Amino acid sequence: MAAALAEDHDLYGPVIDPPGAEPRFDRVEDPAAVRLEAAIPYNPPKSVIFPQAERIMSYTYDRAARRAEIVRDDHVRPKALVGLRACDLTGLLCLDRFFLGQEFVDEVYRDHRKKLFVVANSCVRPFPQCFCVCTDSGPAAREGYDVNLTEAGDDYLFEAGSVKGEVLARRLGLKDAGPGAAALKARIGEAAVARFDAEATQNKAWISRVMNRVTTGFVSNDIWEYIGDQCFECGACSFVCPTCSCFNIEDVAARSGQTDRLRSWDSCSYEGYTRMAGDHNPRQPVEDRRNKRFFCKLSYSQSRKYLRPGCVGCGRCVRVCPGDIGMSNVVTYIRREIAKEGAE
Amino acid sequence: MSAPRPGVIVTVPEVAVIDEIKDEIEDVRTFYFSFENAEVGRRFRIRSGQFVMCTVFGAGEFAVSLPFSPEADRPHLSVRQVGKVTRALHELRAGDKIGLRGPFGNGFPFAELKGRNIVYAAGGIGIIPLRSSIVHVLQHREDLGRIILLYGARSSKDHMYRYMIDEWRKIPGFEVHVAVDRAEPGWPGEVGFVHTLIAKAAVPVKDTTAFVCGPPVMFNAVIQELLANGLKDEAIISTLERHMKCGIGKCQHCAIGRTLVCTDGPVYTYKQIKTLGEQI
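Chains as they are written, first to last, in my numbering: chain A, 1 to 344; chain B, 345 to 624.
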């Protein structure tokens, strides 16, 4: 399948390279290098359609001739993203709803997205870091894919989720899985959920209760200050998050009189994030900024833009945070506060 | 949320020509512009209180409020040089070109002002974003109650739009009060901070909407005075500024509370501002 997609798409998927390395999402030249069975990659797949840095336009201004020419960079190659686990697929849907919904469509994202072929990979068992069952984003993929694969013994169930997916199925000459396939997928999904207690041991996150708290503002300042103290302001949580999408835009002088307008990932944990010209910064203390990130993930007002919580339970921020404020930990701190009040 | 109105320049800036530059006060200039493509200019319809993203070629892009009125006014930007990009803008001369995207943001309420008294309280260059509404409202005086401008700055040299204010004084029914913070030789007008003008102008409370814009100290003093006089939170309107990159609700730099200044603002009632939970 990967080989068929690679014929007319740039192929991206989980790879383990060199052998023994941590799995990562990357451009794949050899379709055989895609490792569907790999553990969840340390980087999210968002960079495929929302690159860490990209040129969105370039311009020249000939001041003597008073001539300005602006060229939009909209040449985007078709890409296939293979092996997205349900959390990352849900993250992609969050980005879709955020960038393509609301008042304005983000045209840069749209150009990438409309040429993307998505192959999901429903999880049959969790990894230790996972908590997608707490965020309602897995382990099985439910929507938003062109193709969904579910490992069933030695085979994969292949589900087409779009016309593009059906065309691929015909092209590959797949045989009908028969009337029992849906029930089989459901059984595999239930079995995967049942394994969470024993196998996803690193994280638990009672998101829904905490969302209510964060939304209504009833989280004590002590908690936010503790979170602020724990934050190294490194931005890693933002960069590994499948739904973090803040970006910066800068005009950078390129060759001979041409200027490129670059957009690149940004993080609300950085001190300069809200600093205005003239050095006025309305959001100074680090806890203000941390508060912002968790508000973004866990408040109803932001959820309206994603049509779900902003956290998809992939557990990457927990692994990457040099402090102790990955999502599931923060949720636990807030939940403990709720529990303590209940006991009083 | 509604779809963007036709004519809004979303992603790629449209080129505009700087037709004329006027020195206003120290570090502030007004740039009169017209779009290179006349059709773009015709489709560029603003509401007062909106803003644009202005590209200075080679330097970058910044967000700036629109000072001109949607009706019968000449398009321009009034900009203080304060950072890298605005300093580069000040280097430009008439005939130079810039890029513009927008207009963005919600804009000041206008329809619901009918029959009400209107007070503008501005400090320093805070009058720039209010100018649009003032000029607009003055064209509809017959539909409104008292119209009052309370404007103050550090010294008379810091008064923006002096030539405009002189014209405004001549308009019957427009009560214009201009002050300097400290007495200076030859200054014939009021002396004192803007909030002290509220009593001097006998600002009415009933059926009054106040527009407030200025530096945080002035802003807070004016708000406290208006509230003390009995004005309701929702009758006080302001416009906020934030660091912005996209203008269309995606980059998130201007997030404040649960809102984005670019798409939910920049115009907020004081009632809303109080719930944002962040500094102005």
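Ideal Cβ positions, reconstructed from N, Cα and C, are used throughout, including at glycine. Predicted model only: the values in this text are computed from it and were never measured.
{"query": "Identify the contact partners of residue 357 of chain B in chain A, using a Cβ-Cβ distance below 7 Å as the criterion.", "result": "70"}
{"query": "Using 8 Å as the threshold, is the stretch 368-385 of chain B in touch with the stretch 116-136 of chain A, meaning 3 or more CB pairs across them?", "result": "no"}
{"query": "Using a Cβ distance threshold of 8 Å, determine whether the stretch 183-191 of chain A contacts the stretch 299-318 of chain A, with at least three qualifying pairs required.", "result": "no"}
{"query": "Spatial neighbours of residue 421 of chain B within its chain, please: C-beta separation below 8 Å, excluding the five flanking residues on both sides.", "result": "374, 375, 377, 396, 398, 408, 410, 411"}
{"query": "Who are the neighbours of residue 246 of chain A on chain B, taking C-beta pairs under 8 Å?", "result": "595, 596, 597"}
{"query": "For residue 582 of chain B, which residues does DSSP report across the bridge?", "result": "B:556, B:612"}
{"query": "Report the neighbours of residue 533 of chain B on chain A: residues whose CB is nearer than 9 Å to its CB, in chain order.", "result": "Residues of chain A passing the Cβ test: none, with the nearest at roughly 28 Å."}
{"query": "Do you know how far the Cα of residue 449 of chain B is from the Cα of residue 603 of chain B?", "result": "12 Å"}
{"query": "Considering only C-alpha positions, which residue in the set A:260, A:213, A:314, A:194 is nearest to residue 341 of chain A?", "result": "A:213"}
{"query": "So, are the CB atoms of residue 195 of chain A and residue 85 of chain A less than 7 Å apart?", "result": "no"}
{"query": "Would DSSP call residue 64 of chain A helix, strand or coil?", "result": "coil"}
{"query": "Beta-carbon within less than 6 Å of residue 539 of chain B's beta-carbon, same chain only, minus the 5 sequence neighbours each way: which residues are those?", "result": "565, 566, 569"}
{"query": "For a test of the three-state rule: what should DSSP assign to residue 201 of chain A, helix, strand or coil?", "result": "coil"}
{"query": "Between the stretch 501-516 of chain B and chain A, which residues of the former have CB atoms less than 9 Å from a CB of the latter, in chain order?", "result": "none"}
{"query": "When the Cα atoms are used, what is the spatial distance from residue 608 of chain B to residue 599 of chain B?", "result": "10 Å"}
{"query": "Assuming residue 239 of chain A is part of the alpha helix (DSSP H), what are its boundary residues?", "result": "236-240"}
{"query": "For a contact meaning CB atoms closer than 7 Å, what does residue 587 of chain B contact in chain A?", "result": "274, 275, 276"}
{"query": "When you compare the CB of residue 243 of chain A with every CB in chain B, is at least one pair closer than 7 Å?", "result": "no"}
{"query": "Have a look at residue 366 of chain B and residue 334 of chain A and give me their C-alpha separation to the nearest angstrom.", "result": "55 Å"}
{"query": "For residue 331 of chain A and residue 244 of chain A, what's the separation of their Cα atoms in angstroms?", "result": "18 Å"}
{"query": "Based on the DSSP output, what are the partners of residue 362 of chain B in its beta bridges?", "result": "B:377"}
{"query": "Indicate whether at least one CB of chain B lies closer than 7 Å to the CB of residue 259 of chain A.", "result": "yes"}
{"query": "Between residue 10 of chain A and the rest of its own chain, which residues show a CB-CB distance below 8 Å, the 5 nearest in sequence each way excluded?", "result": "27, 77, 78, 79, 80"}
{"query": "Between residue 111 of chain A and the rest of its own chain, which residues show a CB-CB distance below 6 Å, the 5 nearest in sequence each way excluded?", "result": "74, 76"}
{"query": "Sort A:128, A:52, A:107 by Cα distance to residue 39 of chain A and report the nearest one.", "result": "A:128"}
{"query": "Does DSSP classify residue 183 of chain A as helix, strand or coil?", "result": "helix"}
{"query": "Taking only three categories from DSSP, how would you classify residue 606 of chain B?", "result": "coil"}
{"query": "Can you pull the DSSP bridge partners for residue 79 of chain A?", "result": "A:10, A:116"}
{"query": "Got a sec? Which residues, its chain only, sit under 6 Å from residue 586 of chain B by beta carbon, not counting five neighbours each side?", "result": "598, 605"}
{"query": "What distance in whole Å lies between the Cβ atoms of residue 293 of chain A and residue 234 of chain A, which are believed to be in contact at a cut-off of 8 Å?", "result": "Incorrect: roughly 12 Å between the Cβ atoms, too far for contact."}
{"query": "Do three or more CB pairs link the stretch 34-53 of chain A to the stretch 303-322 of chain A at distances below 8 Å?", "result": "yes"}
{"query": "Roughly how many angstroms separate the alpha carbons of residue 487 of chain B and residue 456 of chain B, rounded to a whole number?", "result": "11 Å"}
{"query": "Alpha carbon to alpha carbon, how far is residue 444 of chain B from residue 380 of chain B? Give it in angstroms, no decimals.", "result": "11 Å"}
{"query": "At the level of alpha carbons, what is the spacing between residue 345 of chain B and residue 305 of chain A?", "result": "A caution first: residue 345 of chain B carries a pLDDT of 46, below 50, which makes its placement in the model unreliable, though a value can still be read off. For residue 345 of chain B and residue 305 of chain A, the distance between alpha carbons rounds to 11 Å."}
{"query": "Cβ of residue 227 of chain A versus every heavy atom of the ligand GTP: is any distance shorter than 6 Å?", "result": "Absent from the structure shown: the ligand GTP. Ligands present: none."}
{"query": "Name the residue from A:336, A:261, A:144 whose alpha carbon lies nearest to the alpha carbon of residue 400 of chain B.", "result": "A:261"}
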